[in-house]
């Protein structure tokens, strides 16, 4: 499993720019600072969304609609597997998992709060320190 630094490095490498000059150390440092600043702003955005009940409910719906927590295998009316549809749904699930893991890295407490409020499994087994 890649570390957070490796993930950040992958993000930096995934954003090529025709104006980058790898030989100019000042430009490289500015580019890295800009990327870190953008990542911080994005993390703050998702944290703000997760801080509200409406935001957590909306994000939960997005995760459910992308089949994040289930694997689907499509079949036609005669029961024969539909590989294209199965791969399409796997792509949706992959997006959902990447999004979910980004939220988990950003703020796990709010992620668990989202589960407590929206996930039926967590609601039926909800235990707190005050109510064991």
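Residue numbers (my numbering): 1116 to 1247. All residues carry an ideal CB built from backbone N, CA and C; glycine is no exception. Please read these numbers as outputs of a predicted model, since none were measured by experiment.
Problem set entry | residue 1210 versus residue 1165 - alpha carbon distance | 18 angstroms
For this session: Spatial neighbours of residue 1124 within its chain, please: CB distance less than 6 angstroms, with the 5 preceding and 5 following residues excluded, ordered by chain position.
Result: Residue confidence for residue 1124 is low, a pLDDT of 47 falling below 50, so the modelled location carries little weight and cannot support an answer.
Exercise. In this structure, does DSSP put residue 1235 in helix, strand or coil?
Worked result: Helix, per DSSP.
For this session: Can you have a look at residue 1229 and say buried or exposed, based on whether 16 or more other CB atoms are within 10 angstroms of its CB?
Result: buried
Exercise. Who pairs with residue 1196 in a beta bridge, going by DSSP?
Worked result: 1190
Exercise. According to DSSP, is residue 1152 helix, strand or coil?
Worked result: helix
For this session: Measure the Cβ-Cβ separation of residue 1148 and residue 1182 and say whether it is below 8 angstroms.
Result: Taking 8 angstroms as the cut-off, the beta carbon of residue 1148 is found no closer than this to the beta carbon of residue 1182.
For this session: Express the C-alpha separation of residue 1144 and residue 1150 in angstroms, rounding to a whole number.
Result: 10 angstroms
Exercise. If we call anything under 8 angstroms between Cβ atoms a contact, is residue 1237 one with residue 1178?
Worked result: no
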